[in-house]
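Scroll down for the structure; my scribbles are underneath it.
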Amino acid sequence: MKKISFFIIGLMFVFTIAIPFTNVSAATATTTKTGLVPVCNTIIDKINGGFTNPCDFNYFMILLNSIINFLLFVIATPLAAMIICYAGWLYLSSGGSSENISKAKKILLNLVIGYVIALAAWLIVKTILKTLGIDPSIETFLK
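Here it is as structure tokens:
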């Protein structure tokens, strides 16, 4: 039994290390193609002396949107999946111990509540931004 548990823990560790090196194009499809920070103040207007694409409130909102999408979908979702695996492992390897079973159920319940709250907050913010018309380039589920 110890060999199997070490193998599964080692496998989870390898996959955890390999996640940053995988292609996460599906998870980052809603972020800008330039990374987290939007590109602005790059083209100088030679006639007026300013920038043709100045950093304004829309770019700030795009930055916040990119950070929230990164934290919620690139960091929190894989972390939630790993915590679900851990809670499942606790539940399956409890051996009838009611203490480990209740611990696994508590971890899973807290994870589900926290993740639902985070997704609901994301949905509310996206809906408000879309309703106010902050920037049509901010991609939401309504688009």
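Reminder that position 81 of the sequence shown reads as 86 in my numbering, one-by-one numbering, no gaps.
For each residue, glycine too, the CB sits at the ideal point set by N, CA and C.
Since the model is a prediction, treat every value here as computed from it, not as a measurement.
- Message: Do residue 42 and residue 68 count as a contact pair if the criterion is CB distance below 8 Å?
- Response: Yes, these two residues count as a Cβ contact at 8 Å.
- Message: Taking its Cβ as the centre, do 16 or more other Cβ atoms sit within 10 Å of residue 56, making it buried, or is it exposed?
- Response: Under this definition residue 56 is an exposed residue.
- Three-state secondary structure (DSSP) of residue 49: Shown here, residue 49 sits in a strand according to DSSP, grouped into three states.
- Message: Here's the rule I'm using: 16 or more other beta-carbon atoms within 10 Å means buried, otherwise exposed. How should residue 137 be labelled?
- Response: exposed
- Query: Excluding sequence positions up to five away, which residues of its chain have a Cβ less than 8 Å from the Cβ of residue 59?
  - Reply: 45 and 46
- Query: Is the beta carbon of residue 105 sitting closer than 8 Å to the one on residue 95?
  - Reply: Against a cut-off of 8 Å, the Cβ pair of residue 95 and residue 105 comes out as a contact.
- Item | residue 79 to residue 52 span [Cα, whole Å] | Rounded to the nearest angstrom, the two C-alpha atoms are 42 Å apart.
- The alpha helix (DSSP H) enclosing residue 83, as first and last residue numbers: Bounds of the alpha helix (DSSP H) holding residue 83 are 82–97.
- Message: So if DSSP puts residue 56 in a beta bridge, which residue, or which two residues, is it bridged to?
- Response: 49
- What residue from 84, 102, 64 and 54 has the CA that sits closest to residue 120's CA? 84
- Between residue 109 and residue 99, which are expected to be in contact by the criterion C-beta below 8 Å, what is the C-beta distance as a whole number of angstroms? That pair is a contact at about 7 Å.
- Message: Is it buried or exposed, residue 131, if we count other Cβ atoms within 10 angstroms and call 16 or more buried?
- Response: buried
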